[in-house]
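Undergrad: In our numbering, the protein residues as written are 0 to 423. All C-beta atoms in this analysis are idealised placements derived from N, C-alpha and C, irrespective of residue type, glycine included. All values reported here derive from a predicted model rather than from experimental measurement.
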Amino acid sequence: MNILLIGSGGRESAFAWKLTQSPQCEKLFIAPGNAGTGQFGTNVDLKVSDFEGIKAFVLANGINLVLVGPEEPLVKGIHDFFLDDEQLKSIPVIGPQREAAQLEGSKDFSKQFMQRHNIPTAASRTFTRDTLQDGLTYLATQGLPIVLKADGLAAGKGVLICLTLQEAQQELVEMLTEAKFGEASSKVVVEQFLQGIELSVFVLTDGNSYKILPEAKDYKRVGEGDTGLNTGGMGSVSPVPFADAAFMQKVEERIVIPTVEGLKEEGIPYKGFIFIGLMNCEGEPYTIEYNCRMGDPETESVLPRIESDLVDLLMGVAEGNLIEKQFSISPKIAATVVCVAGGYPGEYLKDKVISGLDNVRGSIAFHAGTGMQGDDVITTGGRVLAITSLQDDLFTALQQATLDASRIYYDGKYFRKDIGFDLL
Ligand code: AMP
């Protein structure tokens, strides 16, 4: 099979690594990819939302399967674009259509979906500019802290946890009347604050049956001890020790099944990954959010634990026979440490030459923000590399990933040395 993978981050590097382990993968193309994905296949200079360019490439290269990594093309309707095109409609796309991608693209849509299907989540109400006064009054009746969420995609920045009523009311005004997050905050979900420990659960579905992939915990803050600014993710660990069998059974019964069944009942097709952001509140799972794709850097810890053939699983999604596919998960522990550019998540250094990649011995170095300059691998993004180690126990995995992260060099390199140590 000829496969086109869309995206350019660490997640796509992990996908490329896993897809090319399948005997069914003949040629892999990655659009646009990075210096690391180029080791597994051919990078193609196309933007992830250049649907016409993707169409021309797919037709010219006999692509049999398209796997979409990031949310942007899904929310913009890449899957619908394929289905609406006579020449493309028989080529399977892994990733939901535009309507289902609203589970990520609109917080209001996803909250309403959860409420319709009795999926445990924080109590909430949604306000617009027209109902701002009701929103301000509602805030005054709520406990603190309180969470304000821009409805639309806001590059991971649209969630505010407010500690005082004054702050919450001021933010609500700014979001609704001053477009603090642009169009994304023309609607705001006001949500009860949940106290607990977060984790992410990943589901692969063909719209009927599903497989629950390994769960993961990610580390969002830039600083050690979970301090400082939020980032795209500084590391991840899978499995998550506190997600024991009893907890995961609750997740499956109360969240995964009602989600897949709810989509089916509402006639919303879904072929792809569902990322469920969860809060474990004293052993009870609550849904914080859905994403319509895999997480990054969670994918880098999740995929190494999947023993089954990923192409086979994706074909099960495409053909609607996922239920028949063999699926096994390694009991080993994966830890991922992300090396970022100096300054990230603020203004950061770029175009720095990376050396020492050959020094990585007990881990896989998944590339994220990297590119080629002549024969040199250089930094091109904030998150540069995701170093994953798969070991028999958590301590060894963490130690090895951290050691290998320290063996790579570029100006301004930074990584957290405490990823996962809270779980030991
Ligand atoms: P979201 O984009 O909805 O995942 O929110 C981003 C982050 O904000 C989450 O990963 C949580 O850390 C935090 N968060 C969101 N909603 C809540 C909530 N209801 N209670 C506590 N923290 C939350």
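So the alpha helix (DSSP H) Arg415 belongs to, where does it begin and stop?
TA: Taking the sequence shown and counting its residues from 1, the one referred to as residue 415 is at position 416. Careful: Arg415 lies outside any alpha helix (DSSP H) and carries neither H nor E.
Undergrad: By the DSSP assignment, the alpha helix (DSSP H) with Arg97 in it spans what residues?
TA: Residue mapping note: residue 97 aligns to position 98 of the sequence shown, counting from 1. Here the alpha helix (DSSP H) through Arg97 covers 97-104.
Undergrad: Applying the criterion that 16 or more other CB atoms from any shown protein chain within 10 Å of the CB defines a buried residue, is Leu18 buried or exposed?
TA: Looking up residue 18 in the sequence shown gives position 19. So Leu18 ends up on the buried side.
Undergrad: Taking just the CA atoms, how far does Phe272 sit from Pro69?
TA: The residue given as residue 69 occupies position 70 in the sequence shown. The residue given as residue 272 occupies position 273 in the sequence shown. Cα to Cα, the separation comes out at about 11 Å.
Undergrad: Out of Tyr409, Arg115, Gln165, Ile328, state which residue places its alpha-carbon closest to the alpha-carbon of Ile211.
TA: Sequence index remark: in the sequence shown, residue 211 carries index 212 (1-based). Comparing Cα positions, the closest option is Ile328.
Undergrad: Here's a check: name, in chain order, each residue in its chain whose Cβ is nearer than 7 Å to the Cβ of Ala13, leaving out the five neighbours to either side.
TA: The sequence position of residue 13 within the sequence shown is 14, counting from 1. Thr298, Glu299, Leu302, Phe365.
Undergrad: Only counting the same chain, and skipping five residues up and downstream in sequence, which positions put a Cβ closer than 8 Å to that of Thr369?
TA: Taking the first residue of the sequence shown as position 1, residue 369 is located at position 370. Closer than 8 Å at the Cβ level, and outside the excluded window around Thr369, lie Asn33, Ala34, Gly35, Ile353, Val376, Ile377, Thr378, Thr379, Gly380, Val383, Leu384.
Undergrad: Cβ of Glu85 within 7 Å of any heavy atom in the ligand AMP?
TA: In the sequence shown, the residue the question calls residue 85 occupies position 86. No.
Undergrad: At the level of alpha carbons, what is the spacing between Ala333 and Pro31?
TA: In the sequence shown, counting from the first residue as 1, residue 333 sits at position 334. In the sequence shown, counting from the first residue as 1, residue 31 sits at position 32. When rounded, the distance between both Cα atoms is 27 Å.
Undergrad: In the DSSP assignment, the alpha helix (DSSP H) including Thr204 goes from what residue to what residue?
TA: By one-based count along the sequence shown, residue 204 stands at place 205. Here Thr204 belongs to no alpha helix (DSSP H); instead the beta strand (DSSP E) covers 196-204.
Undergrad: By the DSSP assignment, the alpha helix (DSSP H) with Phe180 in it spans what residues?
TA: Position 181 of the sequence shown, counted from the start, is the residue given in the question as residue 180. Taken as a continuous stretch (DSSP letters only), Phe180 belongs to no alpha helix (DSSP H), as it is neither H nor E.
Undergrad: Could you check what DSSP says for Arg220 in three-state terms: helix, strand or coil?
TA: Residue numbering aside, residue 220 sits at position 221 when the sequence shown is read from its first letter. Correct three-state label for Arg220: strand.
Undergrad: Residues with a Cβ closer than 5 Å to any heavy atom of the ligand AMP, in chain order?
TA: Answer in sequence order: Ala121, Val146, Val158, Glu190, Phe192, Leu193, Gly276, Ile287, Glu288.
Undergrad: Say whether the segment 87-104 touches the segment 288-297, bearing in mind that this needs 3 or more beta-carbon pairs closer than 8 Å, one atom from each stretch.
TA: Yes, the segment 87-104 touches the segment 288-297.
Undergrad: Beta-carbon within less than 8 Å of Trp16's beta-carbon, same chain only, minus the 5 sequence neighbours each way: which residues are those?
TA: Counting from 1 along the sequence shown, the entry for residue 16 is found at position 17. Excluding positions up to five away in sequence, the list reads Phe39, Leu302, Ile363, Phe365.
Undergrad: Can you list, in chain order, the residues of its chain with a C-beta nearer than 8 Å to that of Thr176? Leave out the 5 residues immediately preceding and following it.
TA: Indexing the sequence shown from 1 puts residue 176 at position 177. Closer than 8 Å at the Cβ level, and outside the excluded window around Thr176, lie Arg128, Leu131.
Undergrad: Return the chain-ordered list of same chain residues with a C-beta closer than 8 Å to the C-beta of Asp391, the five sequence neighbours on each side being excluded.
TA: The residue labelled residue 391 in the question sits at position 392 within the sequence shown. Result list for Asp391: Lys331, Ile332, in chain order.
Undergrad: Compute the Euclidean distance between the alpha carbons of Met233 and Asp308, then round it to the nearest angstrom.
TA: Stepping through the sequence shown from its first residue, residue 233 is reached at position 234. Stepping through the sequence shown from its first residue, residue 308 is reached at position 309. Roughly 28 Å separates the two Cα atoms.
Undergrad: Beta strand (DSSP E) containing Tyr285: first to last residue?
TA: Here residue 285 corresponds to residue number 286 of the sequence shown, with the count starting at 1. Its beta strand (DSSP E) spans residues 283-290.
Undergrad: Going straight from the alpha carbon of Glu281 to that of Pro268, what length do you get?
TA: Position 282 of the sequence shown, counted from the start, is the residue given in the question as residue 281. Position 269 of the sequence shown, counted from the start, is the residue given in the question as residue 268. The straight-line gap from Cα to Cα measures roughly 34 Å.
Undergrad: Between Ser7 and Gly94, what straight-line distance do the alpha-carbon atoms span, to the nearest angstrom?
TA: Taking the sequence shown and counting its residues from 1, the one referred to as residue 7 is at position 8. Taking the sequence shown and counting its residues from 1, the one referred to as residue 94 is at position 95. Spanning the two alpha carbons is a distance of roughly 16 Å.
Undergrad: In angstroms with no decimal places, state the Cα-to-Cα distance between Thr125 and Val188.
TA: Position 126 of the sequence shown holds residue 125. Position 189 of the sequence shown holds residue 188. Those two C-alpha atoms are separated by around 4 Å.
Undergrad: Considering only C-alpha positions, which residue in the set Leu393, Lys351, Gly361 is nearest to Gly373?
TA: On the sequence shown, position 374 is the one that residue 373 refers to. Closest by alpha carbon: Lys351.
Undergrad: Do Leu198 and Lys219 have their C-beta atoms within less than 8 Å of each other?
TA: What you label residue 198 is simply residue 199 of the sequence shown in a count that begins at 1. What you label residue 219 is simply residue 220 of the sequence shown in a count that begins at 1. For Leu198 and Lys219, no; Cβs fall outside 8 Å.
Undergrad: Assign Leu116 to one of three DSSP states: helix, strand, or coil.
TA: Along the sequence shown, read from residue 1 onward, the residue named residue 116 stands at position 117. Looking at the sequence itself, residue 116 is His, so the reference to Leu does not match. If DSSP states are grouped into helix, strand and coil, His116 belongs with coil.
Undergrad: Determine, using beta-carbon pairs with one atom in the segment 78-94 and one in the segment 237-249, whether at least three such pairs fall under 8 Å.
TA: No: fewer than three Cβ pairs fall under 8 Å.
Undergrad: Just to confirm, is the Cβ distance from Glu484 to Ala242 under 8 Å?
TA: This structure does not reach residue 484, given that the chain is present from 0 up to 423, and the question cannot be answered.
Undergrad: Starting from Thr19, follow the alpha helix (DSSP H) in both directions and report where the run begins and ends.
TA: Taking the sequence shown and counting its residues from 1, one reaches residue 19 at position 20. Element bounds for Thr19: n/a, residue is neither H nor E.
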